[in-house]
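Per the working numbering, the very first residue in the sequence shown carries number 7; after that it's consecutive. Glycine included, every Cβ here is placed at the ideal spot set by N, Cα and C. For reference, the structure is listed below as structure tokens.
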Amino acid sequence: GFKFVALDFTAPLKNQFRYRLKGFDLDWVDLVGEHQTTYTNLDPGDYEFEVIGSNNDLVWNDRGASIRVTVLPPPWATWWAYLGYLTVLIVTVLLLLKNNTRRQRFEAEKRYSQRLQLYIESLEQATECIIIANEKHEILFANHAIAAVHGLVPTAAVGQDVVTALISDGAQKAAVTQALELTGRFEGEIAGPPTAPNQTTEVTIARVQDSKLSESALVSISRDITHRKQTEAELTDYRKNLESLVAERSVALQREISEHKEARSELAASLMEKELLLKEVHHRVKNNMQVISSLLNMQADAQDDAVLVSLLGESQQRIKSMSLIHESLYQSDNLLEINFEDYIRTLATGLCRFYTIPGVEVQLEVLVDQVALELDTAVPCGLIINELISNALKHGFKTGQAESAVIDVQFVKDRDWYRLKISDNGCGLPADFDPKQSGSMGMEIVDILTQQLEGRLSFQSTDGAQFLIEFPAVERKAHE
7 GFKFVALDFT APLKNQFRYR LKGFDLDWVD LVGEHQTTYT NLDPGDYEFE VIGSNNDLVW
67 NDRGASIRVT VLPPPWATWW AYLGYLTVLI VTVLLLLKNN TRRQRFEAEK RYSQRLQLYI
127 ESLEQATECI IIANEKHEIL FANHAIAAVH GLVPTAAVGQ DVVTALISDG AQKAAVTQAL
187 ELTGRFEGEI AGPPTAPNQT TEVTIARVQD SKLSESALVS ISRDITHRKQ TEAELTDYRK
247 NLESLVAERS VALQREISEH KEARSELAAS LMEKELLLKE VHHRVKNNMQ VISSLLNMQA
307 DAQDDAVLVS LLGESQQRIK SMSLIHESLY QSDNLLEINF EDYIRTLATG LCRFYTIPGV
367 EVQLEVLVDQ VALELDTAVP CGLIINELIS NALKHGFKTG QAESAVIDVQ FVKDRDWYRL
427 KISDNGCGLP ADFDPKQSGS MGMEIVDILT QQLEGRLSFQ STDGAQFLIE FPAVERKAHE
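This is the structure in structure tokens:
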């Protein structure tokens, strides 16, 4: 602290002061009634304390009093103390870094040791023989599979030359050594150890370099492939046998194909010959029927009896209906079936021309599905149509009737049934008409042929006569 007084003894208590500490106070500090001041917690350094005073009249002196003061730092804040602090800090940091480096190295070595142990255990579990040798070809590690593959004890193999330990044949040993010197790698098959002369071993030896390219090592992987070689040999024999069998079978198949082609050619020729013969048969049957029809016509021309002439004409029409079928088959590409629509139109038109009614124009209406019938079905159907249309033309219409005559022929297929309906708008049937007792040869023929087709016959007489024949559209047994 600082104490100060002013030399005015009249009223010393009225003296006033102003002071400041350069380096700490920014301006003068007024002090009344006091003549001392105190500073604490000053920073180390040089200061100058100045003070001025006034008398009772408040006249300030121009020159005051001053004193220089030096504040020394405490011992812990001196430069040598800070130097000590810095030294301790540096030593502490270095110790921490060294300890951390040592700890990291220890952890890295521990992890490396764990990984190395894991690798070793994994290599021990492998079924292939794995060997690691240094750049001098001395074995450093060999897993337990070396005993099964090469007949060596793992501990006894350590330190041996890897090429000498694995290969006993001199020529193979020289070839492996040369390959390693030239390319740093060998892949191939070697003979088994003396204890297993029939064994075949597949070996791969490769030179590897560390990351710093300062040292190299050899890694060998080998496996017993005796079973695989035996399997390959068996497969080779099997393939040869199979190829031989396929070749033999191919020759036999080629021979069978040639024979089949020849048989097909012979069959085609035979079918063509039979087709020509069948066409010739139909042609001759048609011609013979035409001859018979002509003979009947000549016989009718020579007769004076009208009844006999009519009977001969009816027989002639029946023969023409059958002849027309053979003619259609002769002209058709299919000798087994006939286009029944064309056949019905031709037959019905021919009957209308043969049975003319004076003063009556017959209108023919034909509705036929596109069906193809076999000969055994077409012939009875043709005869039935011939008889029913003939009866309608002979007995259904009167001479000179005003109404035009209409004959309707329908032949349709409904699922498994054929339906043949022939109707007219003539005078109809007698009230007591019975096809089985009619005494008409034509109706008797219709009834017999319907039974031959395994069908059923029905009729009615409403606005003319109508006959309906239904028979199955399936293969039927032949009738004698």
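The beta-bridge partner set that DSSP reports for Gln-215 consists of Ser-222.
Straight through space, the alpha carbons of Leu-172 and Thr-183 are spaced by roughly 12 angstroms. Cα atoms of Thr-161 and Glu-208: separation of roughly 22 angstroms, rounded to the nearest angstrom. The way I'd put it, the segment 347-355 doesn't touch the segment 443-455; fewer than three beta-carbon pairs between them come closer than 8 angstroms.
A residue is called buried once 16 or more other Cβ atoms fall within 10 Å of its Cβ, and Thr-93, having fewer, is exposed. In the structure shown, Leu-32 falls within a coil segment according to DSSP collapsed to helix, strand and coil. The beta carbon of Arg-24 sits closer than 6 angstroms to the beta carbons of Trp-34, Asp-36 and Ile-58 from its chain, once the five residues preceding and following it are set aside; these are given in chain order.
Collapsing the DSSP output to three states places Arg-26 in a strand. For Ala-83, there is no enclosing alpha helix (DSSP H), as DSSP marks it with neither H nor E. Bounds of the beta strand (DSSP E) holding Glu-380 are 378-380. One thing to note: Ala-223 has its Cβ within 8 angstroms of the Cβ of Glu-141.
The segment 115-124 makes no contact with the segment 192-203: fewer than 3 CB pairs, one atom from each, lie closer than 8 angstroms. When the beta-carbon positions are compared, Leu-399 and Ile-344 stay at least 8 angstroms from each other. For the options Phe-55, Leu-78, Asn-431 and Leu-188, the alpha carbon positioned closest to that of Asn-47 is the one of Leu-78. With fewer than three CB-CB distances shorter than 8 angstroms, the segment 367-379 does not count as touching the segment 434-443. The three-state secondary structure of Leu-463, taken from DSSP, is strand.
Val-313 has its alpha-carbon roughly 19 angstroms from the corresponding atom of Gly-402.
In the displayed model, Leu-37 falls within a strand according to three-state DSSP.
With a cut-off of 8 angstroms on Cβ pairs, the segment 79-98 is not in contact with the segment 108-119, counting fewer than three such pairs. Membership of Tyr-53 in the beta strand (DSSP E) is indicated by the continuous run 51-60. The bridge partners DSSP lists for Lys-9 are Gln-42. For Gly-432, the closest C-alpha among the options Gln-457, Leu-129 and Ile-395 is that of Ile-395.
DSSP, read as helix, strand or coil, puts Lys-404 in coil.
Spatial neighbours of Ser-410 in its own chain (CB-CB distance under 7 angstroms, excluding positions within 5 residues in sequence) are listed in chain order as Glu-367 and Gln-369. Counting along the chain, the unbroken alpha helix (DSSP H) around Arg-351 starts and ends at 346-360. Here the segment 223-235 lies against the segment 127-147, with 3 or more beta-carbon pairs under 8 angstroms apart.
In the three-state reduction of the DSSP assignment, Cys-387 falls in the helix class. Residue environment for Leu-100: exposed (fewer than 16 other C-beta atoms within 10 angstroms of its C-beta). Around the CB of Gly-388, 16 or more other CB atoms lie within 10 Å, so the residue is classed as buried.
The three-state secondary structure of Ala-239, taken from DSSP, is helix. As summarised for the segment 97-172, the continuous alpha helix (DSSP H) elements at least 4 residues long and confined to that stretch are 151-156, 160-163 and 168-172, given in chain order.
Residue Asn-21 holds the alpha-carbon nearest to the alpha-carbon of Asn-67 among Asn-21, Asp-469, Lys-28 and Ala-83. Contact check for Glu-460 against Phe-477 passes: the beta carbons are separated by less than 8 angstroms.
The C-beta of Ile-73 has fewer than 16 other C-beta atoms within 10 Å across all chains shown, which makes the residue exposed. Leaving aside the five residues that flank Trp-86 on each side, none in its chain has a CB nearer than 7 angstroms to its CB. Assignment of Asp-430 by DSSP, reduced to helix, strand and coil, places it in the strand class.
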